[in-house]
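Each residue of the sequence shown is one higher than the one before, counting from 53 in the working numbering.
Glycine included, each C-beta is placed from N, C-alpha and C at the ideal position.
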Amino acid sequence: MQEYEALKALVAETEADLNKAEGGNKAAGTRVRKQMQKIKQAAQIVRSRVLEIRSAE
């Protein structure tokens with residue numbers, strides 16, 4: 053499923069900034085928060101897609 057692959061890519065992209073944020077980098081923390089919002093939206097798309105697949109059966 054393409055939507056799920058996009059979600060996984062967003063999570064992978066966030067990892068480096070998350071490590072920087074844990075080290076005290078405030079700018080990285082801001083980037084992580086923005087990425088987490090995108091991850092939340094992508095997860096909602098995946099959820100909707102799964103419901104569509106289930107309804108089609």
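Buried or exposed: residue i, going by 16 or more other Cβ atoms within 10 Å of its Cβ?
i    : result
L59  : buried
V102 : exposed
Does DSSP put residue i in a helix, in a strand, or in coil?
i    : result
G81  : helix
E104 : helix
Could you tell me the boundaries of the alpha helix (DSSP H) in which residue i lies?
i   : result
E74 : Q54 to E74
Once the 5 residues before and after residue i are set aside, which same chain residues still bring their CB inside 6 Å of it?
i   : result
D69 : A80, R83 and V84
Looking only at its own chain, which residues have a Cβ that is under 8 Å from the Cβ of residue i, when we skip the five neighbours before and after it?
i   : result
E65 : Q87
I91 : L59, L62, V63 and T66
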